[in-house]
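K.L.:
Residue numbers (this note's numbering): 302 to 611.
Glycine included, C-beta positions come from ideal geometry on N, C-alpha and C.
Input: one structure, supplied below.
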Amino acid sequence: MKYVYAGAPAFSVPPLEKMLAAGFSVCAVLTRPDRPVGRKARLTPTPLKAFAESAGIPVLDCERVRDHAPDLAALGADALVTCAYGQILTQEVLDAFPRGVYNIHASLLPRWRGASPIQHAILAGDAETGISVMKTDVGLDTGDILLRRSLPLDGTETAATLSPALAELGGDCICEALSALEKGSAVFTAQGEAGVTLCKKIRKEDAAVDFSRSAAELSRLVRAMAPEPLAYSSLRGTAVNFGYALPAEEAGAGACGQVLRADKSGIYVQTGGGVLCVTELQFAGGKMLRAADAVNGRKVAVGDVFGEMR
Numbered sequence: 302m303k304y305v306y307a308g309a310p311a312f313s314v315p316p317l318e319k320m321l322a323a324g325f326s327v328c329a330v331l332t333r334p335d336r337p338v339g340r341k342a343r344l345t346p347t348p349l350k351a352f353a354e355s356a357g358i359p360v361l362d363c364e365r366v367r368d369h370a371p372d373l374a375a376l377g378a379d380a381l382v383t384c385a386y387g388q389i390l391t392q393e394v395l396d397a398f399p400r401g402v403y404n405i406h407a408s409l410l411p412r413w414r415g416a417s418p419i420q421h422a423i424l425a426g427d428a429e430t431g432i433s434v435m436k437t438d439v440g441l442d443t444g445d446i447l448l449r450r451s452l453p454l455d456g457t458e459t460a461a462t463l464s465p466a467l468a469e470l471g472g473d474c475i476c477e478a479l480s481a482l483e484k485g486s487a488v489f490t491a492q493g494e495a496g497v498t499l500c501k502k503i504r505k506e507d508a509a510v511d512f513s514r515s516a517a518e519l520s521r522l523v524r525a526m527a528p529e530p531l532a533y534s535s536l537r538g539t540a541v542n543f544g545y546a547l548p549a550e551e552a553g554a555g556a557c558g559q560v561l562r563a564d565k566s567g568i569y570v571q572t573g574g575g576v577l578c579v580t581e582l583q584f585a586g587g588k589m590l591r592a593a594d595a596v597n598g599r600k601v602a603v604g605d606v607f608g609e610m611r
């Protein structure tokens, strides 16, 4: 069988690498056009495009895939594999691939259908997540499941650490799924509607820290929003981002957002339920700092209050 592979971010690269290493025939890569990046707005290809070009695979980069169904059909591929591609596929696009379209989705479907399953698994405090290989239909992640593999979570992960682990698992899963498909042994299971949850694209405002919430909730928020868009608040009228935080095993008594203790082990902040230990944070215009560096630089002190208006 001959495949087209579609994706864009770094998450979509490891599965393609594993497909190629396993000997699957990929005739083209589908991604989005180069976008301006950085202060100089330099046109930059997606990570997937950069990898495909280095591997000598032809690339089709289009803004609206729905406008290119005839071009896709002309490639003569049997199937399309998608991974974090970010575009809705029309029936015309699906019909361009006679053996079907298969999506590598970073959740245990039907839980966390939608655009941000990795972040939402962390936000919800799920005990596990995983990869689902789904036969794509015109719905939102509603297609039949070909293969599903789980990954346990221990409550310390960030989106930054969980994403590459799931990408590697996604590579293993798609290779196993396509092998079954080519051998004629693939078994598909309908998702059903029991246990369905939906997740939208993460917005900047979703990352705002409200210290009246519990330390457990805020730890999940901080970890889910790292590395982007980063959970944020303010201190002494200056914006501050949080890179990592966990609930502290100690009691506190102070106003919500108040710094109770600040030393090399962390910055301990009173919340609406327990104490949050912040170990990485970033001030406007600066780099991400360890708590010890922020304390030594006198950027944070006991008695300071995050989120206080001035």
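(1) According to DSSP, Phe543 sits in a beta bridge with which residue or residues?
(2) Measuring CA to CA, which of Ala585, Val402, Leu454, Leu321 is closest to Gly538?
(3) Compute the Euclidean distance between the alpha carbons of Leu410 and Asp564, then round it to the nearest angstrom.
(4) Kindly indicate the opening and closing residues of the alpha helix (DSSP H) around His421.
(5) In its own chain, which residues sit with a C-beta less than 6 Å from the C-beta of Leu317, not counting the 5 before and 5 after it?
(6) Taking all protein chains shown into account, decide if Arg398 is buried (16 or more other Cβ within 10 angstroms of its Cβ) or exposed.
(7) Once you ignore the five residues that flank Ala466 on each side, which residues in its own chain have a CB closer than 7 Å to its CB?
(8) Using the C-alpha atoms, what's the distance from Val576 back to His406?
(9) Tell me the DSSP bridge mates of Glu429?
(10) Assuming contact is defined by CB atoms lying nearer than 8 Å, are Lys350 and Cys328 in contact in what I supplied?
(11) When you compare each of Glu483, Ala491, Leu447, Thr430 to Leu676 by their alpha carbons, which one comes out closest?
(12) Under 7 Å Cβ to Cβ from Ala309, same chain only, skipping five residues before and after it: list those, please.
(13) Would you mind reading off the limits of the beta strand (DSSP E) that contains Cys355?
(14) Could you tell me which of Pro548, Tyr545, Leu479 sits nearest to Ala323, measuring between CA atoms?
(15) From what residue to what residue does the beta strand (DSSP E) around Val330 run?
(16) Taking the alpha carbon of Ala416 as the point to measure from, which residue in Cys578, Lys484, Leu499 has its own alpha carbon closest?
(17) Have a look at Pro528 and Lys588 and give me their C-alpha separation to the nearest angstrom.
(18) Starting from Thr383, trace the beta strand (DSSP E) in both directions and tell me its first and last residue.
(19) Taking DSSP as the reference, what is the three-state secondary structure of Arg611?
(20) Locate the beta strand (DSSP E) running through Ala322, then write down its first and last residues.
P.N.:
Reading it off the structure:
(1) The partner list for Phe543 (beta bridge, DSSP) reads Ala532, Leu582.
(2) That would be Ala585, whose Cα lies nearest to the Cα of Gly538.
(3) Straight-line Cα distance between these residues: approximately 42 Å.
(4) 418-424 is the extent of the alpha helix (DSSP H) around His421.
(5) Within the same chain, Cβ atoms closer than 6 Å to the Cβ of Leu317 are found at Tyr306, the five residues on either side in sequence being excluded.
(6) Here residue 398 is Phe; the residue named in the question, Arg, does not match the sequence. Phe398 is buried by the Cβ-count criterion.
(7) The residues are Leu452.
(8) Rounded to whole angstroms, the gap between the alpha carbons of His406 and Val576 is 35 Å.
(9) Per DSSP, Pro453.
(10) Taking 8 Å as the Cβ cut-off, Lys350 and Cys328 do not qualify as a contacting pair.
(11) The structure shown does not extend to residue 676, since the chain spans only 302 to 611, so no value can be given for it.
(12) Closer than 7 Å at the Cβ level, and outside the excluded window around Ala309, lie Thr332, Arg333, Thr347, Leu349, Ala385, Tyr386, Gly387.
(13) Per the sequence presented here, residue 355 reads as Ser, with Cys not at that position. Not the beta strand (DSSP E): Ser355 falls in the alpha helix (DSSP H), residues 348-355.
(14) Minimum Cα distance to Ala323 is reached at Leu479.
(15) For Val330, the uninterrupted beta strand (DSSP E) run begins and ends at 326-332, by DSSP.
(16) Closest option to Ala416, Cα to Cα, is Leu499.
(17) The C-alpha of Pro528 lies about 13 Å from the C-alpha of Lys588.
(18) Counting along the chain, Thr383 sits inside the beta strand (DSSP E) bounded by residues 380-384.
(19) Per-residue confidence for Arg611 stands at a pLDDT of 48, beneath the threshold of 50, marking its modelled position as unreliable; no derived number is given.
(20) Going by DSSP, Ala322 is part of no beta strand (DSSP E) but of the alpha helix (DSSP H) stretching over 314-322.
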